[in-house]
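Going by my numbering, 368 is the number at position 10 of the sequence shown; the sequence numbering is gapless.
Even for Gly, the Cβ is constructed at its ideal location relative to N, Cα and C.
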Amino acid sequence: MASEKTYHALIPDKIFMGAATDVESMVKNEGIDVIVDLRGEATECAYPAANAKWIQIPLGDHAVVPQEKAFEQAIRPSPKLITETRKWLFIVAEEKDGPVR
Numbered sequence: 359m360a361s362e363k364t365y366h367a368l369i370p371d372k373i374f375m376g377a378a379t380d381v382e383s384m385v386k387n388e389g390i391d392v393i394v395d396l397r398g399e400a401t402e403c404a405y406p407a408a409n410a411k412w413i414q415i416p417l418g419d420h421a422v423v424p425q426e427k428a429f430e431q432a433i434r435p436s437p438k439l440i441t442e443t444r445k446w447l448f449i450v451a452e453e454k455d456g457p458v459r
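See below:
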């Protein structure tokens with residue numbers, strides 16, 4: 359029996375959202391090209407062996423940059439890269455309390 363995916367496709371086969379614990383699975387199963395890590399506590403990619411570009415845009419209660427501006431920075435280059443058939447992953451949390459919803 360196959361295990362249930364704990365991450366989500368926001369735009370099928372293009373943009374995914376999940377937790378840090380999902381990164382390895384998404385890289386291997388979905389062919390992720392760009393990982394946008396929204397976790398403020400991250401110091402490196404959650405799956406260091408990923409052959410993907412890692413961008414950290416820390417969002418959080420104590421962020422230096424206002425969250426709206428930081429999120430805009432995270433998604434600003436997306437339209438161009440999406441049209442270049444890249445697959446994006448947004449890491450939104452550690453999976454502490456169950457799957458990201």
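{"Asked": "Buried or exposed (CB count within 10 angstroms, at least 16 for buried), residue 407", "Found": "exposed"}
{"Asked": "Alpha carbon of residue 389 to alpha carbon of residue 397, nearest angstrom", "Found": "21 Å"}
{"Asked": "CB contact flag (residue 364, residue 377, <8 Å)", "Found": "yes"}
{"Asked": "When 422, 362, 391 are compared against residue 412, the one with the closest alpha-carbon", "Found": "391"}
{"Asked": "Reference residue 446; option with closest CA among 394, 416, 386", "Found": "394"}
{"Asked": "Residues near residue 444 in its chain [Cβ-Cβ closer than 6 Å; skip 5 each side]", "Found": "391, 392"}
{"Asked": "Limits of the alpha helix (DSSP H) - the one that residue 386 falls within", "Found": "381 to 388"}
{"Asked": "Within 8 Å, strictly: CB atoms of residue 405 and residue 381", "Found": "yes"}
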